[in-house]
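Take a look at the structure set out below.
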Amino acid sequence: MFKSVSGTVLSLIVAVSSLAFSKHVGAETKTIAPSAVSGMVTAPVDGDIYRYKAVLADSEEGADLYIFTDAGDGWTQNVYAKDIVWRGGIGQEPWIEATEKGALKVYSENISIGRNRWEQILTIAYRKGRFLVAGYTYTYYDTLDPDSNGICDVNLLTGKGELNNKTFRTSLKALPVGEWTMDTRPSECDEN
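In our numbering, the protein residues as written are -18 to 173.
Structure (structure tokens):
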């Protein structure tokens, strides 16, 4: 099912390899407008699925993440994460990419507005049949104070993290992707 945009029906080459961008919620269907798609990647995975397809779509507040999996019998929606990351205007748009090992990285940033600039990276891994937010990296800098900058990097699978070259352990565990929101982060990273 495709929506008409400006009177033109998009049969979108991105019917995304046979995916209609619809989220069924009971009797209600949510269709993603093609113009809302911020990014899409497909990556192979070892285990009980062959591959996954991740779609990042703009929402009112941020960006939603959809993950579809293929275990050999076609695509099935596995994850819906509403407002997983923040989104703003130019220089503030999120994007996604897959790593060589099949992990998914979800980037969000503010590199254009105000003096406090930042980038956040969520690393999503497929473990034991679930997609988990396995890593969290946050870098920041002040455009007017060159000494005000830093990085917080956390492996949520092990609980080990580092904030500006000081190690710590976090109590925040690797969460299923659908439970992560743009407001979730290790509290230890707030000390910047």
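Every residue gets a Cβ at the ideal spot worked out from N, C-alpha and C, and that includes glycine.
Element boundaries [beta strand (DSSP E), containing residue i]
i, result
"residue 120", "111 to 123"
"residue 131", "130 to 136"
"residue 105", "97 to 108"
"residue 87", "85 to 91"
"residue 79", "76 to 79"
"residue 147", "147 to 150"
DSSP three-state assignment for residue i, whether helix, strand or coil
i, result
"residue 142", "strand"
"residue 52", "coil"
"residue 15", "helix"
"residue 43", "strand"
"residue 22", "strand"
"residue 126", "coil"
"residue 64", "strand"
"residue -12", "Note that residue -12 scores 31 on pLDDT, short of 50, meaning its location in the model is unreliable; the coordinates nonetheless yield the value given after this. Coil at residue -12, not helix or strand."
"residue 10", "The pLDDT assigned to residue 10 is 48, lower than 50, so where the model puts this residue is not dependable; a value taken from the coordinates is nonetheless given after this. Note: residue 10 maps to strand in three-state DSSP."
Where residue i falls, given that 16 or more other Cβ within 10 Å makes a residue buried
i, result
"residue 171", "exposed"
"residue 14", "exposed"
"residue 188", "Here the chain covers residues -18 to 173 and nothing more, so residue 188 does not appear."
"residue 89", "buried"
"residue 8", "Bear in mind that the predicted position of residue 8 carries a pLDDT of just 35, short of 50, making it unreliable; the figure below should be weighed with that in mind. The residue is exposed, with fewer than 16 neighbouring Cβ atoms inside 10 Å."
"residue 19", "buried"
"residue 164", "exposed"
"residue 118", "buried"
"residue 142", "buried"
"residue 50", "buried"
"residue 77", "buried"
Beta-carbon spacing of residue i, residue j below 7 Å
i, j, result
"residue 96", "residue 123", "yes"
"residue 44", "residue 26", "no"
"residue 115", "residue 22", "no"
"residue 103", "residue 35", "no"
"residue 135", "residue 60", "no"
"residue 151", "residue 167", "yes"
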